[in-house]
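In the numbering used here, the protein residues as written are 62 to 571.
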């Protein structure tokens, strides 16, 4: 069958992953080290070896949370002996690994590229240990150029949202969870049990995954209950419900055209095909979201991907649903039309809290793991979902070892232009935000932030004014924050006021 494929059909031909714990501080890995070593593993995985890397015509890395070098893509290229046309760095976004696979598959099919490497890593565990030891990393490199962004950087919070603390995943995702709980009609205890059981299943997969940072199965009881080791972060989430960025992990994917794969001598049993894909964004700012329990964009990108692939969710054998926090999994399942307790495992790695979430590049690992699973299960189908921002940016990929059927086109593989359906999402009736709210108000979503001593410090609120405009606020001084964790506050009414000097808004429950 492969001999009949167009030379420009895109295929994934190599993967490499690394997880390194407890490295000596004197020689501990940088993110560049992790990517370089993952690239060498990926080149061997193709069956060709490091000489393949010297022939790349594009190299793109997903940006680290703590980017340590002026031009990490060029450093990686120099160290692996590659001199591609362009070396680029993506901005932040957990959706970007899948987005990049989608984008470069299209670029390969249209003849713009033939051999591409994508990579990402975090060495935050090493960086934190070095800082605690009051030592600087031994990563100094003389560089003569600055990196080039693959696409423009986009701020994910408005000025008002940022001032009120709505600018980190740990503060934003728990707000979605409280809204979703109310949408489901669950009481607090019932919902905590539900999400703890969900993530216990993820930890079970991590326990059997060789690259997992925490290869330990955790019970729902352990995940659910707050302890000194498992404190609340942004209620209702305990630490074990949060993505774990403090890891040393790297991953690399190598894409090629079928023609180049043949010339390089990559065996066809290494090839994995992207059958369908989709990329779209929900409204950027939280105060302008349609609601806090759904994602029109996840629904649309999955519809587009399955339409391109020509099969449905029921045909999928293996899944990895992006899992930075429980709400991300539940909303994705809702939009896909599946249950969160589906009999198929929702992860192939163990997810971001347990496999480890090297920030924006986790999906490099989930795709790499999926590729290896599909190679071992010829003809089966896999699905990857990816999420960036605060349930903001979404990408989907559908994979199989069997080539995607393409008929009647000079272009062997075609991705639907995301702009075509992004316009549909952008045209939904979004609410207007009120920057300096005053008056009676109703809560739509909320969270209580905790300190490292497991004490509540501040509440954050998203809601509607009487004129139906959206607002964000902090809880007013004197609010019983512990009571807010015991009573359902979504739907509760009160008064919001804004200080004209600080522009900070406060919500007082009625």
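All C-beta atoms in this analysis are idealised placements derived from N, C-alpha and C, irrespective of residue type, glycine included.
### Task
Leaving aside the five residues before and after residue 429 along the sequence, list all residues of the same chain whose C-beta is less than 6 Å from its C-beta, in chain order.
76, 78 and 312
### Query
residue 235 to residue 119, Cα distance in whole Å?
38 Å
### N-terminal and C-terminal residue of the alpha helix (DSSP H) that residue 73 is part of
Annotation: residue 73 is outside any alpha helix (DSSP H); the continuous beta strand (DSSP E) that includes it extends over 71–80.
### Message
Rounded to whole angstroms, what is the Cα-Cα separation between residue 286 and residue 385?
### Response
19 Å
### Task
Put residue 531 into one of helix, strand or coil per three-state DSSP.
DSSP places residue 531 in strand when its eight states are reduced to three.
### Task
Check whether the stretch 479–496 touches the stretch 507–524, taking contact to mean three or more Cβ pairs, one atom from each stretch, closer than 8 Å.
no
### Query
Do you know whose CA, among 383, 273, 227 and 458, lies nearest residue 373's CA?
458
### Query
Beta carbon of residue 438, beta carbon of residue 157: below 8 Å?
no
### Task
Return the CA-CA distance between residue 306 and residue 132, expressed in angstroms with no decimal places.
22 Å
### Task
Return the bridge partner residues of residue 503 from the DSSP annotation.
525 and 554
### Task
Could you tell me the distance, in whole angstroms, from the CA atom of residue 555 to the CA atom of residue 298?
25 Å
### Task
Identify whether residue 545 lies in helix, strand or coil by the three-state DSSP scheme.
helix
### Message
Output needed for residue 303: all residues of its chain with C-beta closer than 7 Å, excluding positions within five of it in sequence on either side, in chain order.
### Response
Spatial neighbours of residue 303 in its own chain (CB-CB distance under 7 Å, excluding positions within 5 residues in sequence) are listed in chain order as 231, 294, 386 and 414.
### Task
Excluding the 5 residues preceding and the 5 following residue 469 in the sequence, name in chain order all residues of the same chain whose CB lies nearer than 7 Å to its CB.
With a pLDDT of 49 at residue 469, under the threshold of 50, the modelled position of that residue is not reliable, and the figure given next carries that caveat. Within the same chain, residue 469 has no close Cβ partners at all.
### Query
Among 544, 502 and 553, which residue has its Cα nearest to the Cα of residue 533?
Of the listed residues, the one whose Cα sits closest to residue 533 is 502.
#### Entry: Nearest-angstrom Cβ-Cβ length linking residue 108 and residue 331, presumed shorter than 8 Å
The Cβ separation is near 6 Å, so the contact holds.
#### Entry: Status (buried if at least 16 other CB within 10 Å, exposed otherwise) for residue 507
In summary, residue 507 is buried, with 16 or more beta-carbon neighbours lying within 10 Å of its beta-carbon over all protein chains present.
### Query
Measuring CB to CB, does residue 180 end up less than 8 Å from residue 431?
For residue 180 and residue 431, no; Cβs fall outside 8 Å.
### Task
Within 10 angstroms of the Cβ of residue 478, are there 16 or more other Cβ atoms? Answer buried if so, exposed if not.
exposed
### Task
Go ahead and label residue 290 buried or exposed: buried means 16 or more other beta carbons lie within 10 angstroms of its beta carbon, across all protein chains shown.
exposed
### Message
Considering just the uninterrupted stretch of the beta strand (DSSP E) at residue 652, what are its terminal residues?
### Response
Limits of the chain in this structure are 62 at one end and 571 at the other, which puts residue 652 out of reach.
### Query
Name the DSSP beta bridge partners of residue 623, please?
Because residue 623 is not part of the residues shown, which for the chain are 62 to 571, the question remains open.
### Query
Contact check, residue 435 vs residue 461 under 8 Å by CB: the rounded distance?
Indeed, because the Cβ distance is near 6 Å, the residues count as touching under 8 Å.
### Chain-order list of residues whose beta-carbon lies under 6 Å from that of residue 81 (same chain, five-residue window excluded)
Beyond the five residues adjoining it in sequence on each side, residue 81 comes within less than 6 Å, by CB distance, of 90 and 309 in the same chain, given in chain order.
### Query
Between the Cα of residue 412 and the Cα atoms of 389, 402 and 543, which residue gives the shortest distance?
Here the closest residue by C-alpha is 389.
### Task
Going by CA-CA distance only, name the one from 169, 483 and 352 that's closest to residue 243.
352
### Message
So, does the stretch 561–568 touch the stretch 528–547, judging by three or more C-beta pairs under 8 Å?
### Response
With a cut-off of 8 Å on Cβ pairs, the stretch 561–568 is in contact with the stretch 528–547, counting three or more such pairs.
### Message
For the pair the stretch 212–225 and the stretch 353–365, tell me if three or more CB-CB distances fall below 8 Å.
### Response
no
### Query
If we ignore side chains and look at the alpha-carbon of each, how far apart do residue 282 and residue 265 end up?
Going from the Cα of residue 282 to the Cα of residue 265 covers about 14 Å.
#### Entry: Collapsed DSSP secondary structure at residue 444 in the structure displayed
strand
### Task
Note the first and the last residue of the continuous beta strand (DSSP E) segment covering residue 336.
334–342
### Task
Helix, strand or coil for residue 408, going by three-state DSSP, please let me know.
coil
### Query
Which residue or residues does DSSP assign as beta-bridge partners of residue 418?
According to DSSP, residue 418 bridges with nothing at all.
### Query
Would you call residue 86 buried or exposed, if buried means 16 or more other Cβ atoms sit within 10 Å of its Cβ?
exposed
### Message
Just to confirm my understanding: we take residue 551, look at its own chain, exclude 5 residues before and 5 after, and list those with CB closer than 8 Å. What are they?
### Response
239, 240, 242, 243, 504, 505, 506 and 507
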